[in-house]
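Please read the structure below before turning to the comments.
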Amino acid sequence: MTDYGFDTLIDRTGTWSAKWSLYGPEVLPFWVADMDFRAPPGLLAAVAERLDHGVLGYTRTPPELEAAFIDWLERRFGWTVVADWLVWLPGVVPGLNLAGRAVGGGSLLIPAPVYFPFLAVPGHVGKQGIVVDLVREGGRWVMDQDRFEAAVRPDTGAFLLCNPQNPTGRVYRRDELETLVEFCLRHDMTLVSDEIHCDLLLDPDASHTCVASLTPELRTITLFGPNKSYNIPGLGVGVAVIPDAGLRRAFLRARAGLIAHLSPLAYAAALWAYSERTDWLPSLNGYLRGNRDRLQETVAGLAGVEMTHVEGTYLGWLDVRELGLEDPAGHFERHGLGFSDGARFGGAGFQRFNFGCPRTMLEEGLTRFVVGVRDA
Ligand SMILES: Cc1ncc(COP(=O)(O)O)c(C=O)c1O
Numbered sequence: 030m031t032d033y034g035f036d037t038l039i040d041r042t043g044t045w046s047a048k049w050s051l052y053g054p055e056v057l058p059f060w061v062a063d064m065d066f067r068a069p070p071g072l073l074a075a076v077a078e079r080l081d082h083g084v085l086g087y088t089r090t091p092p093e094l095e096a097a098f099i100d101w102l103e104r105r106f107g108w109t110v111v112a113d114w115l116v117w118l119p120g121v122v123p124g125l126n127l128a129g130r131a132v133g134g135g136s137l138l139i140p141a142p143v144y145f146p147f148l149a150v151p152g153h154v155g156k157q158g159i160v161v162d163l164v165r166e167g168g169r170w171v172m173d174q175d176r177f178e179a180a181v182r183p184d185t186g187a188f189l190l191c192n193p194q195n196p197t198g199r200v201y202r203r204d205e206l207e208t209l210v211e212f213c214l215r216h217d218m219t220l221v222s223d224e225i226h227c228d229l230l231l232d233p234d235a236s237h238t239c240v241a242s243l244t245p246e247l248r249t250i251t252l253f254g255p256n257k258s259y260n261i262p263g264l265g266v267g268v269a270v271i272p273d274a275g276l277r278r279a280f281l282r283a284r285a286g287l288i289a290h291l292s293p294l295a296y297a298a299a300l301w302a303y304s305e306r307t308d309w310l311p312s313l314n315g316y317l318r319g320n321r322d323r324l325q326e327t328v329a330g331l332a333g334v335e336m337t338h339v340e341g342t343y344l345g346w347l348d349v350r351e352l353g354l355e356d357p358a359g360h361f362e363r364h365g366l367g368f369s370d371g372a373r374f375g376g377a378g379f380q381r382f383n384f385g386c387p388r389t390m391l392e393e394g395l396t397r398f399v400v401g402v403r404d405a
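In this note's numbering, the protein residues as written are 30 to 405.
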């Protein structure tokens, strides 16, 4: 495998990094989901080449990007789509909120814990959120069908799925998704599926299923983007795949006047990402796997902390409730650790640990974590 320098800690001072400017220098940031790695050299070169042209005008979606994305979806996940179904966006989160507006009904079903912008969608779009807890079963976070059946209402217009799941790191199996599809069909719900982490699979035998590929009968909005996999969230690009023409029209109506042209640099990056054939992603996933293993080993040796196996993403979901801390995030911050507090994700008493960083930074974080847990 090529050495992409994942071991190198890059000083991000002076880059206006959200991750590194939230805390002072005494706190190591393991919170927001961006990694401390450079994007792939080929992607950076593609962006630089576009920048070098010097004229950064309003830009249309490159037809070669549509073709590359369609090919990627087919090659990687066996899902055949057409260009008409695609709506390019500056990110997946705007797509989630447009989806919330485009679907019918007065309420949205949301399994939690979940990436916190999901929980904000109902408020943004003037609908009610029905939050249903995921349950831990046999070392995995699963969607409990009985709970969903009990919670769904006649006015529930959509189910908001996150797969691979942030923050638990689950990658749902095909049979779990088939059950979900059947549930959505039976209750006439649209399935909105955020699959932004689909390339970040840490187990060699893990595979990602695009839920929309399971049946053409279900109305679906699936959201993808290269922001996570290639560590370019600051560039901002994503895409919604909406096979149903009526739903797509509603989505475009919701977008009208709010989101227009994407940056040509974002398009250049996306074109490289969806055409890429290098070993960057396998190398990254191998590195992240090593980090995950170190985190899991450390947690396994600590009394009062639990986490489930992370199948995908670069996020660990730490259950620290047994430590009995009144303010877990504040406690770990005093020990030099900036985690995402679980309460925002619908998981009070949990901390989310972003391990997308060089091994030395991770090791320092783990050392501090062990001390923090002993001090609790
Ligand atoms: C599940 C999920 N969706 C969306 C996003 C953000 O996507 P974007 O930056 O494309 O809006 C994240 C970022 O952490 C995420 O984890």
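Beta carbons: idealized from backbone N, C-alpha and C, even for Gly.
In this text the structure is predicted, and so the values were computed from the model without any measurement.
Contact under 7 Å by Cβ, residue i with residue j
i: Leu-354; j: Ala-405; result: yes
i: Pro-193; j: Thr-337; result: no
i: Leu-264; j: Ala-295; result: yes
i: Ala-131; j: Ala-279; result: yes
i: Phe-145; j: Val-161; result: no
i: Gly-375; j: Ala-141; result: yes
i: Glu-340; j: Gly-129; result: no
i: Gly-345; j: Leu-313; result: no
i: Asn-383; j: Phe-59; result: yes
i: Trp-108; j: Cys-239; result: yes
i: Val-56; j: Gly-365; result: yes
i: Asp-173; j: Val-181; result: no
i: Leu-72; j: Ala-241; result: no
i: Gly-333; j: Leu-310; result: no
i: Ile-411; j: Leu-189; result: The structure shown does not extend to residue 411, since the chain spans only 30 to 405, so no value can be given for it.
i: Gln-380; j: Gly-371; result: yes
i: Ala-179; j: Val-221; result: no
i: Asp-184; j: Gly-135; result: yes
For residue i, the first and last residue of its enclosing alpha helix (DSSP H)
i: Asp-414; result: The requested residue 414 is not part of the displayed model; the chain covers only 30 to 405.
i: Trp-101; result: 92 to 106
i: Met-175; result: Correcting the residue type first, residue 175 is Asp in the shown sequence and not Met. First-last of the alpha helix (DSSP H) with Asp-175: 174 to 180.
i: Val-328; result: 309 to 329
i: Gly-394; result: 388 to 403
i: Leu-281; result: 274 to 284
i: Phe-147; result: 146 to 154
i: His-216; result: Careful: His-216 lies outside any alpha helix (DSSP H) and carries neither H nor E.
Identified DSSP bridge partners for residue i
i: Ala-141; result: Asp-162
i: Asp-348; result: Glu-335, Phe-379
i: Phe-35; result: Answer by DSSP bridge pairing: none, since Phe-35 is not bridged.
i: Arg-169; result: Glu-166
i: Ser-258; result: None, per the DSSP bridge assignment.
i: Ala-269; result: Val-116, Leu-252
i: Asp-223; result: Cys-191, Leu-252
i: Asp-370; result: Gln-380
i: Pro-411; result: Any question about residue 411 goes unanswered here, given that the chain covers just 30 to 405.
i: Thr-185; result: Ser-136
i: Leu-230; result: Gly-341
Range of the contiguous beta strand (DSSP E) that encloses residue i
i: Arg-381; result: 379 to 383
i: Leu-115; result: 115 to 118
Residue i: CB within 6 Å of a non-hydrogen atom of ligand 3
i: Asn-192; result: Only ligand 1 can be found as ligands here, which leaves ligand 3 out of the picture.
> Are the region 161 to 173 and the region 104 to 120 touching by the rule of at least three beta carbon pairs closer than 8 Å?
Replying inline: no
> Touch check for the region 214 to 225 and the region 247 to 262: three-plus C-beta pairs under 8 Å?
Replying inline: yes
>> Taking 8 Å as the cut-off, does the region 198 to 211 touch the region 312 to 320 (at least 3 CB pairs, one atom from each stretch)?
In response: Judged by Cβ distances under 8 Å, the region 312 to 320 makes no contact with the region 198 to 211, as fewer than three pairs qualify.
> Would you call the region 153 to 160 and the region 240 to 247 touching, i.e. three or more CB-CB distances under 8 Å?
Replying inline: no
> Are there three or more Cβ pairs, one per stretch, closer than 8 Å when the region 382 to 389 is compared with the region 33 to 46?
Replying inline: A contact exists between the region 382 to 389 and the region 33 to 46.
>> Whether or not the region 295 to 307 and the region 88 to 100 are in contact is what I'm after, with contact meaning three or more pairs of Cβ atoms, one per stretch, closer than 8 Å; do they touch?
In response: yes
> Three or more beta-carbon pairs under 8 Å between the region 39 to 51 and the region 77 to 91, yes or no?
Replying inline: no
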